[in-house]
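*Asks:* In the working numbering, the protein residues as written are 621 to 1054.
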């Protein structure tokens, strides 16, 4: 059992209790105000959609400077999201972007990388990138995860004699970015700059985390230019890092261009960083809110770690949705949709589908089976970094379990105002100082 921290813990909730009922007429995913609702109310809204209107047409939320374009068909059940993910010939990733707002195709392709492409180009890029992950690179990444996680938790304890800190700023935020920078060969002095760029890009819609249209474009351009320059530097002066491997990897005589490497760099730093940091942060909230689950894991860390990590990802669903475009007319559940229509696949809703998960409202670190789709629902676009993310989450909580086993969240998390990223901006935590 863990010691009891001397600080006040986040308010506990009855584990497994369903969210409140939300009338269908009050649900509008096409307004930014919907994303001001707390998680419990949002869960209730998506439960209503799954039950009463599993495929629903919504307009696109308005963001200053971003054209909304046409609305979208929201898929909210596990089976429908899974089906769409496994049939890219109907639910196309190209030409589009991850955003439901309209984006110029040349911008969308550059900043979306592989996730906004279909085969054969998607397969070509993915194959070359996979070729770059040599056994030596993978081993070095694994060492980096352990080293970085241990140092961050050690510094957390050493630098806060009062036993209080912000979990996001000091642990969950830095860890995945530091590992990505280690992988790519990015100097430590550039880490804060890259962190700022990715936070602004992924925080669109939240006035505190991001900015207006012009700032977002400026930041995205700077990040892209940094990626291109990094690739060009490794062409001239190869190093011992993933960027060099990406420059040198080839399939059937083809290599990645500097622009393609920059696109992958953006995908890795933005998506890879934000998703893992938010999974870790939501994991800390859940383990604090449901202490019996924390004790179950802490009492058999290695035995429970595998299922605990999967449950954290299901619970967090760090990426809320992904967009597709229909290539032809189709009908699902009696709903007729036309070629060219936008489709949104709601991972957060699929991961709470009552028909797929026994009591989806129960945070259960031993849940098995757990077919969570926090890394995508399989198919061609299953997340390349899923195994790295799993390792980062496991190793971080192992270090917390070892060094500060009674660390808990002491206030409700500050949730990012976003329809795309289930983000936590701040999370005060406390532990018993040694």
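For glycine and all other residues, C-beta sits at the position ideal for the given N, C-alpha and C.
#1: Closest to residue 850 by CA distance: which of 823, 803, 829 and 870 is it?
#2: In chain order, what residues of the same chain have a beta carbon less than 6 Å from the beta carbon of residue 999, not counting five sequence neighbours either side?
#3: Give every residue of the same chain whose Cβ lies closer than 6 Å to the Cβ of residue 933, excluding the five residues on either side of it in the sequence, and list them in chain order.
#4: How should residue 789 be labelled, buried or exposed, when 16 other C-beta atoms within 10 angstroms of its C-beta is the threshold for buried?
#5: Which value, in whole angstroms, describes the spacing of the CA atoms of residue 758 and residue 751?
#6: Can you pull the DSSP bridge partners for residue 785?
#7: From which residue to which residue does the alpha helix (DSSP H) around residue 854 run?
#8: Taking 7 Å as the cut-off, decide whether the C-beta atoms of residue 990 and residue 930 are in contact.
#9: With distances taken between CB atoms, is the gap from residue 943 to residue 655 smaller than 7 Å?
#10: Measuring alpha carbon to alpha carbon, tell me which residue in 765, 799 and 861 is nearest residue 756.
#11: Assign residue 976 to one of three DSSP states: helix, strand, or coil.
#12: Classify residue 664: buried if its beta carbon has 16 or more other beta carbons within 10 angstroms, exposed otherwise.
#13: At what residue ranges does the region 638 to 707 contain a whole run of the alpha helix (DSSP H), taking only runs of 4 or more?
#14: Comparing C-alpha positions only, which one of 799, 749, 746 and 953 sits nearest to residue 760?
#15: May I ask you to verify whether the region 1015 to 1022 touches the region 767 to 787, counting CB pairs closer than 8 Å and requiring at least 3?
#16: In whole angstroms, what separates the C-alpha of residue 1096 from that of residue 887?
#17: Give me the Cβ distance between residue 879 and residue 848, rounded to the nearest whole Å; I'm assuming they're in contact under 8 Å.
#18: Return the chain-ordered ranges of every alpha helix (DSSP H) run that is complete within the region 901 to 951 and spans a minimum of 4 residues.
#19: So, using beta-carbon positions, are residue 630 and residue 908 closer together than 7 Å?
#20: Determine the direct distance from the alpha carbon of residue 855 to that of residue 876, and round the result to whole angstroms.
#21: Looking at the structure shown, is residue 800 part of a helix, part of a strand, or coil, going by DSSP?
#22: Excluding sequence positions up to five away, which residues of its chain have a Cβ less than 8 Å from the Cβ of residue 1048?
#23: How many whole angstroms separate the CB atoms of residue 986 and residue 924, which I take to be in contact at a CB cut-off of 8 Å?
#24: By Cβ distance, which residues of its chain are closer than 7 Å to residue 935, with the 5 residues on each side in sequence left out?
#25: Can the beta-carbon of residue 863 be found closer than 7 Å to that of residue 805?
#26: How far does the alpha helix (DSSP H) with residue 878 in it reach, from first residue to last?
*Replies:* Taking the structure as given:
#1: 803
#2: 705 and 706
#3: 899, 992 and 994
#4: exposed
#5: 11 Å
#6: 1049
#7: 833 to 856
#8: yes
#9: no
#10: 861
#11: coil
#12: buried
#13: 659 to 672 and 698 to 705
#14: 799
#15: yes
#16: Residue numbering for the chain in the displayed model covers 621 to 1054; residue 1096 lies beyond these limits and cannot be assessed.
#17: 6 Å
#18: 911 to 918 and 921 to 936
#19: yes
#20: 11 Å
#21: helix
#22: 784, 785, 786, 787, 1029, 1030 and 1031
#23: 6 Å
#24: 902, 906 and 983
#25: yes
#26: 878 to 886
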